[in-house]
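Under the numbering used here, the residues of the sequence shown are numbered 106 to 190, in order. The C-beta atom is built at its ideal place from N, Cα and C for all residues, glycine as well. Predicted, not measured: the structure shown is a model, and the values here were computed from it. Note sheet for the following structure.
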Amino acid sequence: FPTYTLGNLYAAQFFAKARAELGDLDEQFRRGDFVPLKEWLSGKIHCEGQRYRAADLVTAVTGEPPNPEYLLRHLRQKFGALYGV
């Protein structure tokens, strides 16, 4: 399912940008504070969803075209220790 892979690729890049702009999201989530991320998503992505094609939205929001390194970094962090990769 290539569309799922593209969605994951875009999401990883968006999340990296959100972390860069909003600070320690993990700490915010531990406190149950999802408002900053929700506002960021609403202001940067949700309001532009019909304006751009997906890849163009990634570029507009993050300042760079879709880049697989963000997804690879996420996968390494999530599964690297578990699978020894």
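Test item: CB-CB of residue i and residue j under 8 angstroms
{"i": "residue 171", "j": "residue 115", "result": "yes"}
{"i": "residue 174", "j": "residue 165", "result": "no"}
{"i": "residue 119", "j": "residue 150", "result": "yes"}
{"i": "residue 117", "j": "residue 179", "result": "yes"}
{"i": "residue 176", "j": "residue 113", "result": "yes"}
Span separating the alpha-carbon of residue i from that of residue j
{"i": "residue 141", "j": "residue 134", "result": "10 angstroms"}
{"i": "residue 146", "j": "residue 156", "result": "15 angstroms"}
{"i": "residue 167", "j": "residue 158", "result": "14 angstroms"}
{"i": "residue 169", "j": "residue 136", "result": "31 angstroms"}
Exercise for the section: Inspect the CB distances between the segment 125-142 and the segment 178-188 and report whether three or more fall short of 8 angstroms. Expected result: no
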